[in-house]
Structure formats: C-alpha cells, structure tokens
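Enquirer:
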Ligand code: HXC
C-alpha cells in the first residue's frame, strides 16, 4: 500500500510538471502564467479538486506514441471563488502548445456535462495552439463536442472565457458561444484566420495584435467584454466578476452583505441633468451614485459606448444595468449599441437577474451606414430582448425618450414592471425643433413664429406628464430619491412570476 501511495504521489508530481521546466520558463518569459498558477490565483486557496489528471492522448502517429504527458494539455476540475463553486478548465500551453486532442476535449466535455447536472458555472482559461495537428479529424470532432456543449449549457449555467494566449481558427467559436469573453493585452489573440492567410487572400498586412488582440476586440469588434494588462489582473477581475453571477438558471442571484442604506439620498443628482437639453452629462455618474457602494462592473466600456451595460447590486443582490450614454453620439441607439444591449439583456433574462434601465435616448442614429448595415434588424434585437424578458424590469427615464427608442428601452408597453421618470424627462415622438419643422413645413417662415411654436410643442410634450397621465410612467420621482425608489421596486418584484407562451424557441432577428 505504501508503495502504491508513493507511486500515486510521483505520478501526480509528474502531471503537475506539465511540459517541463524549459517550456514553463518560456511561458513565463512571455509574461504568461502556467495553467496551474492561473488556477491558484482564480480559485480560493486549497479549494481546487482536479479531475482526469492521468488522462493521456491515444494518438500513435507522427511519434506521438513516445510523447504522452499526463493531463494532456488541460487542467480540469472544480473549486470555489469566495466560497461559491465553479467548474474550471485551464489549457496548458507547455503541453503540445495547449492544443486540443480528442482526450483533451473529453476532459472539457466531462466538466461541462457535470456543470449542467449540478447547476454550477464553467470558467475556461484558454491558451491553445488550436486543433492537435497530429490527430487530424479526431481533434476537429473534439472541438465540435465542446461546441455542442457550449450551446446546451447556454442559458443553464453562466459560461465565461478568459483568453490568455492564442485562440485561432474554428477554436474561437467555443469562447464565442460563452456568455462573456475576457482577454489579456499583448499575450492573447483571437481570429478565424491568421495574418498569413489574410495576406495571401486579401493582400492586407496586419499584425496578430491588430487583427485579433485584446484592444481590437474590446474597441472595434466587440467580441471581448473586457481586457486586462496581464494574467494577474485578469484573474483578480474574474473573481470579482464571478461574485455577480447566479450559479445557474435555477439558483437566483447571490446576496452579499452591504453597508449601503436603501434610503441613501443623493442630493447631487438633482443637478446632474444640465438645463440645456442638448448638453451631455455622464450617465455612469448616475449609475455609480445609485447602486450599492458605487460598485459597478462595466462590460465593453470601449465598444459602442453610447450604451452602458454592466452588473451592480441593490440591497446586496445582483442587477443588470443598461443605460444610454449622452456623452457618446448623444446616447443614440445604433447597430453596435443595439447588439451590445440585446445580448446583455438576454443574459440577465436567462439567469433571473433584474434589469434596471436608465433612459436618455434621442432616437436611432440616422444615415446610410446604419440603414445599409441593417439597423432595422439589429435595433429589433434590443426590442426583442426587452420584450421577451420576464425578469423584473425597472426603468427610469432621465431626459429624452424619443420615438421608437422610447418603446425599445424597457417601456411600459414591453412589460416594464415599474417605470419612473425624473421631472426632466421629455417623452415624445421627437425633439420640439424637429417636430415643428415637420408639422409646419412650408407654412412657417418667420423665425419668431417658429420659436413660439417650438416653445409650445416643448411645453406640451417635452415633459413626463403626458406619459404619466396615461399611466405609461408610474411616478415622477425626485432625482435624489432614485436609489430608494429603485430598491423598493426591486424588493417588490423579487417574487415576480411571468411566463411567455409555450414555444420551442422564438426567432430573434439575427
Ligand atoms: C500540436 C502544437 C500546436 C498544434 C503548437 N504546438 N500548436 N502541437 N498541435 N496545433 C506545439 C509546438 O509544436 C511546440 O511544441 C509548442 O506547441 C509550442 O509552440 P511554439 O510554436 O513553439 O510556440 P509559439 O512560438 O508561441 O507559437 C504559438 C502558435 C504556433 C502561434 C500557436 O505554435 C502555431 O502557429 N501553432 C499552430 C497553430 C495552428 O495552425 N493550429 C491549428 C489551427 S486550426 P514543442 O514540442 O516544440 O514545445 C484549428 C481548427 C479548429 O484549430 C477547428 C475547430 C472546428
């Protein structure tokens, strides 16, 4: 027995070595941590329970029969983050470049299957050269098995990908189907075809970083939700982010202790909106002043910044925040912001996270770029997402809520549960100036008369009272009371039940 125990320990030690010291040194030289070092930072100390440490690949081609490394390039198992459980896999670049073999894929699939059964999230730390070239189609099959599980897992438990190295070719589609993607600056990249293929096919010269680095995907493509300076920052942020997650679609949102009183008044909000309604202000200031302890985890801050999305808490419970941002494109909805907002709303709805929407939207962005880019379909995504969502929906109109965008942004008509407005709200088909130009086209020449009519329209429509009179707004609230009113609404809605008609699934305009 003693000998067997000793052998077990020796085998474990061999597995922990991964691809050996030289390759570990090379990994460190690139500023990257190893797969196991990453897990140590991600999970609570001593909480990691490893699976399949002794799994090896089954390939005999191209000399692979002489190269078997226990674990086969991915460390899998489960552990806790601040006491709450999660499944994890961490690809080990020191073993065959973290490439995905049939056996490697089976290890990932095993934890995903268990995650669905027990209702616990999956976090993947990706660092891989892609399909194991020596295995051919067996490796492609392995990817497809993972993809299939990404889809089946979607909406059952949260899935988060942290891309910490290469992720190229079809391999990108696994992270793409998870709920969120984090990336590390300078050491990670994601693309379907790399710079060499791009050069051959389109004659463009582009670097890895430019084509698919963290900055590209957090500013231009919107593929990634956040980027971080290095592995440590990314993993620390992942721990903080995980604290917002429900464990599954059955579990409800987590509740954390908070010192922030529900009735904390915020007098500074009374002066947030400038008198001149064309002047911008920062909506994030409002979000931070309203939520628990000012703690707002923003996603995609540098992509489609005309809409702000992210997680926060009210009375210690997770909420999803969606807010138009007047400082960028005046807060207009366009293609990118509609897609960004829609996917976030759908995540919240999957996992029973109440949605708080702050509205200041002058409409949809006009122009051929938008129309030819299918703003009709993309804008409809946000509309569809809000309309199908059955989670508690609390909406606050701060200033403009014009036209179709009024309807889209969690209006009463899309089953908004509690809809408030500040006294500064202007709920109308369009701004007063544009309205007068259309109503009196050709009949008003005198600028003084135009001014009078604009004033008249503005007094009549550019306020929250018309909407309140019809019950589209439940109340007009003092800005300083915003936190208390939203908290009370969320408290009221905690046990809300609402079901959509039975269907296999809807057909969101993709
Ligand atoms: C097997 C691989 C590998 C792979 C890397 N290695 N990628 N082994 N299959 N896909 C091995 C290398 O042989 C090397 O082994 C070690 O990993 C480290 O690789 P290096 O090249 O030394 O590292 P680096 O210079 O950092 O370059 C990393 C890299 C490069 C850019 C990822 O290795 C690379 O281009 N690899 C091939 C990528 C690729 O074409 N993959 C297939 C994509 S198609 P030693 O023993 O020397 O340490 C795909 C399809 C998925 O993935 C489809 C799903 C539907």
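Numbering (the numbering used here), first residue to last: 15 to 524. No residue lacks a Cβ here, since even glycine has one placed at the ideal position from N, Cα and C.
Indicate, with yes or no, if ligand 1 has a heavy atom lying under 6 Å from the CB of residue 137.
Expert: In the chain shown, the residue the question calls residue 137 occupies position 123. The answer is no for residue 137.
Enquirer: Taking residue 452 as part of the alpha helix (DSSP H), name the residues at either end of that continuous run.
Expert: Start at 1 with the first residue of the chain shown, and residue 452 comes out as number 438. 446-453 is the extent of the alpha helix (DSSP H) around residue 452.
Enquirer: So, helix, strand or coil for residue 398, using DSSP?
Expert: On the chain shown, position 384 is the one that residue 398 refers to. Correct three-state label for residue 398: helix.
Enquirer: Are the beta-carbon atoms of residue 62 and residue 55 separated by less than 7 Å?
Expert: Locating residue 62 in the chain shown gives position 48, where the first residue counts as 1. Locating residue 55 in the chain shown gives position 41, where the first residue counts as 1. Their beta carbons are not under 7 Å apart, which means residue 62 does not touch residue 55 by this criterion.
Enquirer: Can you tell me whether residue 585 sits near ligand 1, meaning its C-beta is under 6 Å from at least one heavy atom of the ligand?
Expert: Since the first residue of the chain shown is 15 and the last is 524, residue 585 is not available in this structure.
Enquirer: Among the residues of its own chain, which have a CB less than 8 Å from the CB of residue 311, if the five just before and after it don't count?
Expert: The residue labelled residue 311 in the question sits at position 297 within the chain shown. Correct list, in chain order: 254, 255, 258, 324, 325, 326.
Enquirer: From residue 174 to residue 107, what distance separates their C-alpha atoms?
Expert: Position 160 of the chain shown holds residue 174. Position 93 of the chain shown holds residue 107. Using only the alpha carbons, I get a separation of about 19 Å.
Enquirer: Would residue 239 and residue 339 be called neighbours here (beta carbons separated by less than 7 Å)?
Expert: Counting from one through the chain shown, the residue named residue 239 turns up at place 225. Counting from one through the chain shown, the residue named residue 339 turns up at place 325. No.
Enquirer: Going by other Cβ atoms of all chains shown within 10 Å of its Cβ, with 16 needed for buried, is residue 118 buried or exposed?
Expert: If you number the chain shown from 1, residue 118 lands on position 104. So residue 118 counts as buried.
Enquirer: State yes or no: is the C-beta of residue 410 within less than 7 Å of the C-beta of residue 372?
Expert: The residue labelled residue 410 in the question sits at position 396 within the chain shown. The residue labelled residue 372 in the question sits at position 358 within the chain shown. Yes, the pair counts as a contact, with Cβ atoms nearer than the cut-off.
Enquirer: Would you identify the three-state DSSP class for residue 180, choosing helix, strand or coil?
Expert: The residue labelled residue 180 in the question sits at position 166 within the chain shown. Strand at residue 180.
Enquirer: Specify the secondary structure class of residue 285 as computed by DSSP and reduced to three states.
Expert: For the purposes of this step, residue 285 is taken as residue 271 along the chain shown, with counting starting at 1. Here residue 285 sits in helix by DSSP.
Enquirer: Within 6 Å: the Cβ of residue 145 and any heavy atom of ligand 1?
Expert: The residue labelled residue 145 in the question sits at position 131 within the chain shown. Residue 145 Cβ: within cutoff of ligand 1.
Enquirer: Looking only at its chain, what residues have a beta carbon closer than 7 Å to the beta carbon of residue 169, apart from the 5 residues adjacent to it on each side?
Expert: One-based indexing of the chain shown puts residue 169 at position 155. Correct list, in chain order: 263, 364.
Enquirer: Buried or exposed for residue 76, going by 16 or more other Cβ atoms inside 10 Å?
Expert: Stepping through the chain shown from its first residue, residue 76 is reached at position 62. Residue 76 should be labelled exposed.
Enquirer: Buried or exposed: residue 43, going by 16 or more other Cβ atoms within 10 Å of its Cβ?
Expert: Within the chain shown, numbered from 1, the residue matching residue 43 stands at position 29. Per the 10 Å Cβ criterion, exposed.
Enquirer: Per DSSP, which residues does residue 414 bridge with? Please list them.
Expert: Within the chain shown, the letter at position 400 stands for residue 414. Bridge partners of residue 414: 440.
Enquirer: Less than 7 Å separating the beta-carbons of residue 352 and residue 395?
Expert: Walking along the chain shown from the start, residue 352 turns up at place 338. Walking along the chain shown from the start, residue 395 turns up at place 381. Yes, these two residues count as a Cβ contact at 7 Å.
Enquirer: Once you ignore the five residues that flank residue 267 on each side, which residues in its own chain have a CB closer than 7 Å to its CB?
Expert: For the purposes of this step, residue 267 is taken as the residue at position 253 of the chain shown. Cβ within range, chain order: 260, 331, 332, 366, 367.
Enquirer: Could you check what DSSP says for residue 328 in three-state terms: helix, strand or coil?
Expert: By 1-based counting over the chain shown, the position of residue 328 is 314. Looking at residue 328 - three-state DSSP - the assignment turns out to be strand.
Enquirer: Given that a residue counts as buried once 16 or more other Cβ atoms are within 10 Å of its Cβ, and exposed if not, what is residue 516?
Expert: On the chain shown, position 502 is the one that residue 516 refers to. So residue 516 counts as exposed.
Enquirer: Starting from the C-beta of residue 277, find all residues in its chain whose C-beta is less than 6 Å away, skip the five residues before and the five after it, and write them out in chain order.
Expert: Counting from 1 along the chain shown, the entry for residue 277 is found at position 263. 498, listed in sequence order.
Enquirer: With residue 161 and residue 187 assumed to form a contact (beta carbons below 8 Å), what rounded beta-carbon distance in angstroms separates them?
Expert: The count along the chain shown starts at 1 and reaches residue 161 at position 147. The count along the chain shown starts at 1 and reaches residue 187 at position 173. Right, the Cβ-Cβ distance comes to about 6 Å (below 8 Å), so this counts as a contact.
Enquirer: Which of the three DSSP states, helix, strand or coil, is assigned to residue 220?
Expert: The residue you call residue 220 lines up with position 206 of the chain shown. Note: residue 220 maps to coil in three-state DSSP.
Enquirer: Below 7 Å CB to CB, which residues in the same chain sit around residue 184 once its five sequence neighbours on both sides are set aside?
Expert: On the chain shown, residue 184 is found 170 positions in, with the first residue counted as 1. The residues are 157.
Enquirer: Name, in chain order, the residues that DSSP records as bridge partners for residue 489.
Expert: Looking up residue 489 in the chain shown gives position 475. The partner list for residue 489 (beta bridge, DSSP) reads 434.
Enquirer: Considering Cα atoms alone, identify which of 301, 177, 72, 492 is closest to residue 86.
Expert: Locating residue 86 in the chain shown gives position 72, counting from the first residue. Of the listed residues, the one whose Cα sits closest to residue 86 is 72.
Enquirer: Quick check: the Cα distance between residue 478 and residue 472, rounded to an integer number of angstroms?
Expert: Taking the chain shown and counting its residues from 1, the one referred to as residue 478 is at position 464. Taking the chain shown and counting its residues from 1, the one referred to as residue 472 is at position 458. Distance between the alpha carbons of residue 478 and residue 472 is about 11 Å.
Enquirer: Figure out for me which residue from 329, 29, 460, 49 has the closest Cα to the Cα of residue 249.
Expert: For the purposes of this step, residue 249 is identified with residue 235 of the chain shown, where counting begins at 1. Of 329, 29, 460, 49, the residue nearest in Cα terms is 49.
Enquirer: So, at 7 Å on beta carbons, what are the nonlocal neighbours of residue 110 in its own chain, with the 5 sequence-adjacent residues on each side left out?
Expert: Residue mapping note: residue 110 aligns to position 96 of the chain shown, counting from 1. Excluding residues within five positions, the ones whose Cβ falls inside 7 Å are 87, 146.
Enquirer: What three-state label does DSSP hand residue 429 in the structure shown?
Expert: Numbered from 1 along the chain shown, position 415 holds the residue referred to as residue 429. Residue state, collapsed to three classes: coil.
Enquirer: For residue 350, count neighbouring Cβ atoms within 10 angstroms of its own Cβ and tell me buried if that reaches 16, exposed if not.
Expert: Within the chain shown, residue 350 is the residue found at index 336, counting from 1. By the 10 Å Cβ count, residue 350 comes out buried.
Enquirer: Please name the residue in 521, 328, 294 whose C-alpha comes closest to that of residue 275.
Expert: If you number the chain shown from 1, residue 275 lands on position 261. With distances taken between Cα atoms, residue 275 lies closest to 328.
Enquirer: Which residue comes first and which comes last in the alpha helix (DSSP H) that contains residue 280?
Expert: Here residue 280 is taken as the residue at index 266 of the chain shown, counted from 1. Counting along the chain, residue 280 falls outside any alpha helix (DSSP H), and DSSP gives it neither H nor E.
Enquirer: Could you round the C-beta distance between residue 362 and residue 334 to whole angstroms and report it? I think they count as a contact, below 8 Å.
Expert: Position 348 of the chain shown, counted from the first residue, corresponds to residue 362. Position 320 of the chain shown, counted from the first residue, corresponds to residue 334. So it is a contact: roughly 4 Å between Cβ atoms.
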